[in-house]
Amino acid sequence: MQKYLKTIDEVIARGPYDATWASLSRYKTPDWYKQLKFGIFIHWGVYSVPAFGSEWYSRNMYIQGSKEFEHHVKTYGPQKEFGYKDFIPMFKAEKFDPAAWADLFSRAGAKYVIPVAEHHDGFQMYRSDISHWNAYEMGPHRDVLGELSAACREKGLTTGCSSHRVEHWFFMGHGKEFDSDIKEPMQRGDFYWPAMPEPNHQDLFSEPTPTQEYLEDWLVRTCELIDRYQPKIIYFDWWIQHSAVRPYLKKLAAYYYNRAAEWGAEVVINYKHDAFFFGSAVPDVERGQFADVKPYFWQTDTAVALNSWCYTENNNYRPASDLVRDLVDIVSKNGCLLLNVGPKSDGTFAEEDCRILEEIGAWMAVNGEAVYGTEVWRKYGEGPTQIVEGQFADGIKKNFTPRDIRFTYKDGYLYATALKGSEDGEYCITSLGEQDASRQANFHGIIEDVQVLGAGAPAQWHRDAEGLHVKTDLFTDMPVVMKIRVE
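If you count the sequence shown from 1, position 384 lands on 446 in our numbering, and the numbers rise without skipping.
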């Protein structure tokens, strides 16, 4: 531990960034990241074995009276006899095929992939010298992160990873409240360590505060990920915003950015809330989005299922059409979408996960030019449907209409995407109407041509004071992209 901490200090000392917000604020979001727009997030781990409730099974199975607690006792027996650790030998991943996964993600139209390297449960999905509780030494006996990253790079996908380790400080703490397998004494390196009391939900930063020992362990684990796998993106979950973590966050960012400089690469950190000083990393909105365009680049992370990030037997899936609409809306507002799927414990995907990804991929194969590599236009869109801004809003049905249009721009073309297809194939884009005294905000350029991507015949179009009118023979419930050549 101390040797690694010394190495971290040495890398920071010799690199272009030091561990201060003043230095880290010189960070610039890489252009390559801004061009990708659509990524795949993967929650897969020991929690995929019970496949019940959500990926928080390891916490909830120790909360007396919870549905997970009752399910666990009924299915596996009392927690003192069968604890969370006893799922590890059952996590065999016997059908895990990283090449097949990478091929599926590529067909879905994704450009980057972020597997969970370590979730709140504390089980590492990669080979580690920090802890023996990892997938290389236990369970699958495979370096899941390493194998999948290599397979994705073979398909031309950018690879990263996520760390949810900080929350492990309290994640198993409820197991100390009754007779379970989570017992004292504990020391660093134990699977359940430290299993501290959970913060009050009204005060997420209440005592006990993460200790120096725990935070140094977190820092070293994360730097090991950086050195071993050279991820282009690192995603962090929410609790890194704790004030006790701040000094270690600055060290981590300086180390990562300096290592990237040594590799000759540009990298990205995703964070939530105000964990990082603004401008020193890329903000992320969990299960939500912004109502308006932003002058800075941002990301939404959400899942194909509303109830869980991991596979469960009763996942409540979102339609592919809704996910594509969200993607188009997010991109028009200077963002990108990280969409999560959860494999089964054996390494296969549920039929519904595959169907959703294939449907998204079919749409992207035809319309992806309106997404990839685009820039925001002078306005993000028009239409009657209002977005509920903020996190955890993806369960609110938006009910977009053919009048809800989103704009992107690339290579002399303006892309206007109707978020819902029209039953009669007719659209009116009011922002592109001819100028008159009462509509000074309208588009003043000369429209040379209008195409509807995926249509069987050329679009019919004309312009008047009301807007740009487009009629097509493409009838679909999915978003419809109008490609407009402007002089």
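Ideal Cβ placement from N, Cα and C applies to all residues, glycine included.
> Taking the alpha carbon of Phe340 as the point to measure from, which residue in Trp300, Val366, Ser225, Ala84 has its own alpha carbon closest?
Replying inline: Walking along the sequence shown from the start, residue 340 turns up at place 278. Here the closest residue by C-alpha is Ala84.
>> Closest to Val532 by C-alpha separation, out of Pro464, Trp360, Trp195, would be which residue?
In response: Stepping through the sequence shown from its first residue, residue 532 is reached at position 470. Considering only alpha carbons, the answer is Pro464.
> Going by the CB atoms, is the gap between Phe103 and Asn369 shorter than 7 angstroms?
Replying inline: Locating residue 369 in the sequence shown gives position 307, counting from the first residue. Locating residue 103 in the sequence shown gives position 41, counting from the first residue. Their beta carbons are not under 7 angstroms apart, which means Asn369 does not touch Phe103 by this criterion.
>> Tell me which residues share the same chain as Glu246 and place their Cβ nearer than 8 angstroms to its Cβ, disregarding the 5 neighbours each side in the sequence.
In response: Taking the sequence shown and counting its residues from 1, one reaches residue 246 at position 184. Excluding positions up to five away in sequence, the list reads Lys238.
> In or out: Arg250 buried (at least 16 other Cβ within 10 Å) or exposed?
Replying inline: Your numbering for residue 250 matches position 188 in the sequence shown. Arg250 comes out exposed.
> Hey, how far is the Cα of Phe167 from the Cα of Arg387?
Replying inline: Numbered from its first residue, the sequence shown carries residue 167 at position 105. Numbered from its first residue, the sequence shown carries residue 387 at position 325. Looking at the two C-alpha atoms, the distance is approximately 19 angstroms.
>> Only counting the same chain, and skipping five residues up and downstream in sequence, which positions put a Cβ closer than 6 angstroms to that of Asn429?
In response: Here residue 429 refers to the residue found at position 367 when the sequence shown is read from its first residue. So the qualifying residues of the chain are Leu515, Val543.
> Taking all protein chains shown into account, do 16 or more other C-beta atoms lie within 10 angstroms of the C-beta of Ile458, making it buried, or fewer, making it exposed?
Replying inline: As a working note, residue 458 is residue 396 in the sequence shown. Classification of Ile458: exposed, given that the 10 Å Cβ count is below 16.
> Looking at Asn320 and Tyr66, is the spacing between their C-beta atoms short of 7 angstroms?
Replying inline: Counted from its first residue, the sequence shown places residue 66 at position 4. Counted from its first residue, the sequence shown places residue 320 at position 258. No, the pair does not count as a contact, with Cβ atoms beyond the cut-off.
> Per DSSP, Leu400 forms a beta bridge with which residues?
Replying inline: Position 338 of the sequence shown holds residue 400. Partner(s): Gly101, Asp363.
> Bridge partners of Ile295, per DSSP?
Replying inline: Your numbering for residue 295 matches position 233 in the sequence shown. DSSP output for Ile295 lists Val330 as bridge partner(s).
>> Rounding to the nearest angstrom, what Cα-Cα distance links Glu216 and Ser493 in this structure?
In response: Position 154 of the sequence shown, counted from the start, is the residue given in the question as residue 216. Position 431 of the sequence shown, counted from the start, is the residue given in the question as residue 493. About 43 angstroms.
> Per DSSP, what kind of secondary structure is Asn378 in: helix, strand or coil?
Replying inline: The count along the sequence shown starts at 1 and reaches residue 378 at position 316. In this structure, Asn378 counts as coil in the three-state DSSP scheme.
> If you compare alpha carbons, which of Ala519, His524, Lys545 is closest to Asp535?
Replying inline: For this step, residue 535 is matched to residue 473 along the sequence shown. When only C-alpha atoms are compared, the closest one is Ala519.
> Residues in its own chain within less than 6 angstroms of Gly507 by CB, not counting five upstream and five downstream?
Replying inline: On the sequence shown, residue 507 is found 445 positions in, with the first residue counted as 1. Correct list, in chain order: Val548.
> CB-CB under 7 angstroms to Ser500, same chain, minus the five flanking residues each way: which ones, in chain order?
Replying inline: Translated into the one-based positions of the sequence shown, residue 500 becomes position 438. Residue placement at Ser500 cannot be trusted, given a pLDDT of 49 that sits under 50; what the coordinates show is reported in the next sentence. Cβ within range, chain order: n/a, list empty.
> What does DSSP give as the partner residues of Met544 in its beta bridges?
Replying inline: In the sequence shown, the residue the question calls residue 544 occupies position 482. Met544 pairs with Ala478, Val514.
>> If you follow the alpha helix (DSSP H) that Asp562 is in, where does it begin and where does it stop?
In response: Lying before the first or after the last residue shown, residue 562 is absent from the chain, which here runs from 63 to 549.
> For the beta strand (DSSP E) that contains Gln522, what are its first and last residues?
Replying inline: In the sequence shown, residue 522 corresponds to position 460, counting from 1. 522–525 is the extent of the beta strand (DSSP E) around Gln522.
>> Among the candidates Lys441, His335, Asp391, whose CA atom is the shortest distance from the CA of Phe352?
In response: Residue mapping note: residue 352 aligns to position 290 of the sequence shown, counting from 1. Nearest of Lys441, His335, Asp391 to Phe352, Cα basis: Asp391.
> Is the distance from the Cβ of Tyr138 to the Cβ of Phe131 below 7 angstroms?
Replying inline: Here the question's residue 138 lines up with position 76 in the sequence shown. Here the question's residue 131 lines up with position 69 in the sequence shown. It is not a contact, given that the beta carbons lie outside the stated cut-off.
> Which residues mark the beginning and the end of the alpha helix (DSSP H) in which Ser225 is found?
Replying inline: Here residue 225 corresponds to residue number 163 of the sequence shown, with the count starting at 1. Premise fails: Ser225 lies in the beta strand (DSSP E), 223–225, not in any alpha helix (DSSP H).
> Under 7 angstroms, do Arg525 and Glu496 count as touching if we go by C-beta distance?
Replying inline: The count along the sequence shown starts at 1 and reaches residue 525 at position 463. The count along the sequence shown starts at 1 and reaches residue 496 at position 434. Contact: yes.
> If you compare alpha carbons, which of Leu287, Ser394, Asp299, Trp425 is closest to Ile192?
Replying inline: Taking the first residue of the sequence shown as position 1, residue 192 is located at position 130. For Ile192, the nearest C-alpha among the options comes from Leu287.
> Helix or strand or just coil, what does DSSP make of Arg204?
Replying inline: Position 142 of the sequence shown, counted from the first residue, corresponds to residue 204. The answer is coil: DSSP assigns Arg204 none of H, G, I, E or B.
> In this structure, does DSSP put Ser500 in helix, strand or coil?
Replying inline: Counting from one through the sequence shown, the residue named residue 500 turns up at place 438. Because Ser500 carries a pLDDT of 49, less than 50, the predicted location of this residue cannot be relied on, and no value is offered for it.
> Does the separation of the CB atoms of Ser242 and Gln126 fall below 7 angstroms?
Replying inline: Position 180 of the sequence shown, counted from the start, is the residue given in the question as residue 242. Position 64 of the sequence shown, counted from the start, is the residue given in the question as residue 126. Taking 7 angstroms as the Cβ cut-off, Ser242 and Gln126 do not qualify as a contacting pair.
>> Can you find the residues in the same chain that come closer than 6 angstroms, C-beta to C-beta, to Trp425, ignoring five residues on each side of it along the sequence?
In response: Here the question's residue 425 lines up with position 363 in the sequence shown. Within the same chain, Trp425 has close Cβ partners Val386, Met540.
> Any chance the region 447–462 sits against the region 410–420, with 3 or more Cβ pairs inside 8 angstroms?
Replying inline: no
>> Measuring CB atoms only, is the region 201–215 touching the region 444–452, in the sense that at least three cross pairs come out at less than 8 angstroms?
In response: no
> What do you get for Pro112, buried or exposed, if any count of 16 or more other CB atoms within 10 angstroms of its CB means buried?
Replying inline: To locate residue 112, count along the sequence shown from 1; it is residue 50. Buried is the call here.
> What residue range is occupied by the uninterrupted alpha helix (DSSP H) comprising Thr69?
Replying inline: Start at 1 with the first residue of the sequence shown, and residue 69 comes out as number 7. Per DSSP, Thr69 belongs to the alpha helix (DSSP H) from 64–76.
>> One question on the structure: do Ser558 and Ile176 come within less than 7 angstroms of each other, judged by their Cβ atoms?
In response: This structure does not reach residue 558, given that the chain is present from 63 up to 549, and the question cannot be answered.
> For Asn262, which residues does DSSP report across the bridge?
Replying inline: Position 200 of the sequence shown, counted from the first residue, corresponds to residue 262. According to DSSP, which records beta bridges pairwise, Asn262 is partnered with Asp265.
> Thinking C-alpha only, which one of Met63, Ala527, Glu510, Gln513 is nearest Gln274?
Replying inline: Indexing the sequence shown from 1 puts residue 274 at position 212. For Gln274, the nearest C-alpha among the options comes from Met63.
> Which whole runs of the alpha helix (DSSP H) in the region 125–196 are 4 residues long or more, in chain order?
Replying inline: 129–138, 160–169
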